[in-house]
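One structure below.
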Amino acid sequence: MSDKTPTAKQKRDWLSVVLRSAVSTGILSFLFFKVDWTKITAVVERSNPIDILLGLFFGGVQIFFSAIRWKILLQTQEIFIPAVKAFELTLIGQFFNAFLLGSTGGDIIRIYYIVQLYPQKKAAGSLSVIYDRVIGLLGLILIGQLLALNFFKLFEANPITRHAVWLFLSISLFILLLFGLILFFPNIFYFEKRTKKKSNLLSKQDLNNLVDAISRYRHGKKENFLALCYSFASHASTLIMAYFATRSLHLDIPFLFLASILAIVSVLISIPVSISGLGVREGLIVVFFQLLGIKVEPALSFSLLVFAMSLFWSLIGGIVYLGYKKPKTDDTINR
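Here it is, written out as structure tokens:
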């Protein structure tokens, strides 16, 4: 029986990868045959390199703000690392997010390194990465909800965008509800019977440490507020990066409308139906841009340019990873 279980799980994992790859490949193939690539080439050739450089700069600013946000959340758990170290590990996480299947590969890497630095605080260190992801998503959701309501009438003009916005709002409300339950009622996730049955996976002490770590975030009102502020700053930097991408391609798109689209799309591509959102992101951007009368080729050029800007910093993260020196477990990291 035990021999069959891993095999069945492996089959399900492979089936998931195949299905998600099929979705990404299908949408990208459809766009590939639909667009006129000579027009895309013409759009790229007219791009402004100064705006691209400014966009790249704000892409780096986004990673910096994300690193400071994580540093604050680590401090809440009495885990103190320098801002430079947080930035370094965030860059490495960015690299693995880009080149591993899914968008959580970088989170796993960050958990691995922070647990290496503080092995006595495995639960707190691991939760800090998960909570950092949640706070980042929370900031994006709040931005998206505010702007989506502002442009709701325009989004209703197309059935696809209308359904996309309603799906985004539904997911957002669910995440906000789940966030509230975990933060303010952590004990409802503690099950004594489950602990006894699966003691080899998660001990009672591990669960107590996890509940204690959650309680630290529940009572850390100042830290939560600061982390949320840095989340807004991080997303604002990403939106500014995207805005410079539109400027470089000479696309006339209002900033707030662009921000609403990107917030909605970013949340929707987190649904694991494709490989890292490939295809789904491009397809949604094309449809949303059509609301402003922007054709497929410029919209796809924009999506590819923003992806390339993000990929640039992922490659920087890869260089940092190659030069990263793993600290010894008994090393002390000063504030």
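With the UniProt record's numbering as the guide, the letters of the sequence shown map in order to residues 1 to 335.
All residues carry an ideal CB built from backbone N, CA and C; glycine is no exception.
Please read these numbers as outputs of a predicted model, since none were measured by experiment.
By the criterion of a C-beta distance shorter than 8 Å, residue 125 is surrounded in its chain by 74, 77, 79, 111, 114, 115, 117 and 118, once the five residues flanking it on both sides are discounted. In terms of Cα proximity to residue 263, the closest of 134, 165 and 317 is 165. Our two residues, residue 282 and residue 120, have alpha carbons roughly 43 Å apart in a direct line. Non-local C-beta neighbours of residue 248 in its own chain, meaning closer than 6 Å and more than five positions away in sequence, comprise 47, 48, 51 and 52, ordered along the chain. If you draw a straight line from the Cα of residue 216 to the Cα of residue 210, it comes to about 10 Å. A straight line joining the alpha-carbon of residue 315 with that of residue 322 spans about 11 Å. Contact check for residue 292 against residue 245 fails: the beta carbons are separated by 9 Å or more.
Residue 299 is not a Cβ neighbour of residue 69, given a cutoff of 9 Å.
DSSP places residue 106 inside the alpha helix (DSSP H), whose first and last residues are 105-117.
Non-local beta-carbon contacts of residue 150 in its own chain, meaning distances under 8 Å to residues more than five positions away in sequence, involve 256 and 260 in chain order. Distance from the CA of residue 91 to the CA of residue 219, rounded to the nearest whole angstrom, comes to 29 Å.
Residue burial is scored here from C-beta neighbours: residue 161 has at least 16 other C-beta atoms within 10 angstroms and is therefore classed as buried.
Inter-residue distance for residue 297 and residue 129 is about 38 Å (C-alpha atoms, whole angstroms). Under the three-state reduction of DSSP, residue 249 is assigned to coil, being neither helix nor strand. DSSP, read as helix, strand or coil, puts residue 324 in coil. With respect to the 9 Å criterion, residue 81 and residue 96 are not classified as neighbours on the basis of their beta carbons.
Of the residues assessed, residue 136 falls on the buried side of the cut-off, its CB having 16 or more other CB atoms within 10 angstroms. Within the stretch 136-168, the alpha helix (DSSP H) runs of at least 4 residues that lie entirely inside it are, in chain order, 152-155. In the structure shown, residue 290 falls within a helical segment according to DSSP collapsed to helix, strand and coil. Ranked by Cα distance from residue 145, the options 286, 287, 319 and 265 are led by 265. Straight through space, the alpha carbons of residue 64 and residue 320 are spaced by roughly 14 Å.
A residue is called buried once 16 or more other Cβ atoms fall within 10 Å of its Cβ, and residue 56 is buried on that count.
Taking C-beta atoms under 8 Å as the contact rule, residue 267 and residue 171 qualify, at a distance of about 6 Å.
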